[in-house]
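Beneath this line is the structure, given in structure tokens, with notes to follow.
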Amino acid sequence: MNHPNATTLRIGAWLVDPTSGQISRAGETLRLDARALRLLLHLAQKPGEVVSIDELLSEVWTGVVVTPDSVYQAVASLRRLLGDDPKQPTYIATVPRLGYRMVATVGAPPARTDSVPHSGSRRRSALLFGAGAVAVIALIAVLGSYYRRDEQVSGASDAASAGMRHSIAVLPFLDLTEQMDHEYFADGMTEELVEKLSGIPGLQVPPARSSFHFKGQGATIADIATALHVTYMLDGSIRKSGDTVRVAARLVRVDDGYIVWSQTYDRPLDDVLMIQEDIAAEVTKSLTSKVTPRIGN
């Protein structure tokens, strides 16, 4: 029987191996991309404490200028991977206007026991458990720092080796509205963007059905990039406040995981189709200047 290595952590029901970027639970194993792993580790470093959006931007998106929408999207994606319900969270709770809090139990994985310990052993075990808990928190901090320094050594680099420098995939946009009842709008936004981006000369864009295949699958950016043979990813989200809808979009270069462009668009929610077409046109116009110079290389 294989035992978790010294760096393995338990977060709720999941065993997290930061060295491989894998999480496992009841025979299920998933791989997190570098950003999602750093986000999970940073929240786990402060269990029960409120971690502000500004702190996450500073610690998880070090050296990259992004908007809070990047945090919202990353947390939503991480929750899906963990199987967490944002309305009744068992892992990551939202603290309105403040940030997020890790509500799951964080600690070392259970040690294998082959015999019943004597009372002296029990006392030693209690002391070791207390020391181990402290060590786990320290380990999370060290590993979080490690992943900030070595961000480029991630699975996303596999996609770059394919040499597909002229391609971009549009991931299904996330519905982050309060009631989560605008998925139809998010899906329509995705399809409209695929159509508009397909009109950029020399740019290969997988059809929308290829992107929707990964919806809710918990696949990492690296996995999707490899499967679709692309070097850019466009993802985003929609939120709603009163009669106004906000669409956030960002462009990620998959070889290093950096966000090379991001923007938000606010529109009155009166004509859904016109909003989708308008924003898709704006995004395409902005991305043309970001992507097309590389097409000629």
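Take the sequence shown: its position 58, counting from 1, is numbered 57 in numbering that gives the first Met the number 0, and each next residue is one higher.
For each residue, glycine too, the CB sits at the ideal point set by N, CA and C.
Please say whether residue j and residue i have beta carbons closer to each other than 8 Å?
{"i": "Ile167", "j": "Val204", "result": "yes"}
{"i": "Met232", "j": "Val253", "result": "yes"}
{"i": "Gly256", "j": "Ala33", "result": "yes"}
{"i": "Gly47", "j": "Met101", "result": "yes"}
{"i": "Val193", "j": "Val169", "result": "yes"}
{"i": "Ser43", "j": "Ile10", "result": "The residue you asked about is not Ser; residue 43 is Ala in the sequence shown. For Ala43 and Ile10, yes; Cβs fall inside 8 Å."}
{"i": "Tyr99", "j": "Val50", "result": "yes"}
{"i": "Pro297", "j": "Leu40", "result": "What the structure shows of the chain is the stretch from 0 to 296, and residue 297 is not part of that stretch, so it cannot be assessed."}
{"i": "Thr283", "j": "Lys195", "result": "yes"}
{"i": "Val251", "j": "Ile274", "result": "no"}
{"i": "Pro108", "j": "Thr7", "result": "yes"}
{"i": "Leu175", "j": "Tyr264", "result": "no"}
{"i": "Pro267", "j": "Thr243", "result": "yes"}
{"i": "Ser261", "j": "Val65", "result": "yes"}
Should residue i go down as buried or exposed, given a rule of 16 or more other Cβ atoms within 10 Å for buried?
{"i": "Thr28", "result": "exposed"}
{"i": "Ile278", "result": "buried"}
{"i": "Leu80", "result": "buried"}
{"i": "Val94", "result": "exposed"}
{"i": "Trp13", "result": "buried"}
{"i": "Arg249", "result": "buried"}
{"i": "Glu150", "result": "Bear in mind that a pLDDT of 48 at Glu150, under 50, signals an unreliable position, so the number given afterwards is only what the model happens to contain. With 16 or more other Cβ atoms within 10 Å, it is buried."}
{"i": "Ser57", "result": "exposed"}
{"i": "Glu191", "result": "buried"}
{"i": "Pro171", "result": "buried"}
{"i": "Arg96", "result": "exposed"}
{"i": "Arg304", "result": "The requested residue 304 is not part of the displayed model; the chain covers only 0 to 296."}
{"i": "Leu173", "result": "buried"}
Could you name the residues that DSSP lists as bridge partners for residue i?
{"i": "Ser51", "result": "Gly98"}
{"i": "Ala168", "result": "Met232"}
Any Cβ of chain D within less than 8 Å of the Cβ of residue i?
{"i": "Leu8", "result": "Reference to chain D is not applicable here, since this structure consists of a single protein chain."}
Three or more C-beta pairs below 8 Å linking the segment 170 to 190 and the segment 230 to 240: yes
In chain order, what are the residue ranges of uninterrupted alpha helix (DSSP H) at least 4 long that sit wholly in the segment 185 to 266? 207 to 211 and 220 to 227
Length at least 4, wholly inside the segment 56 to 83: the alpha helix (DSSP H) runs in chain order: 67 to 81
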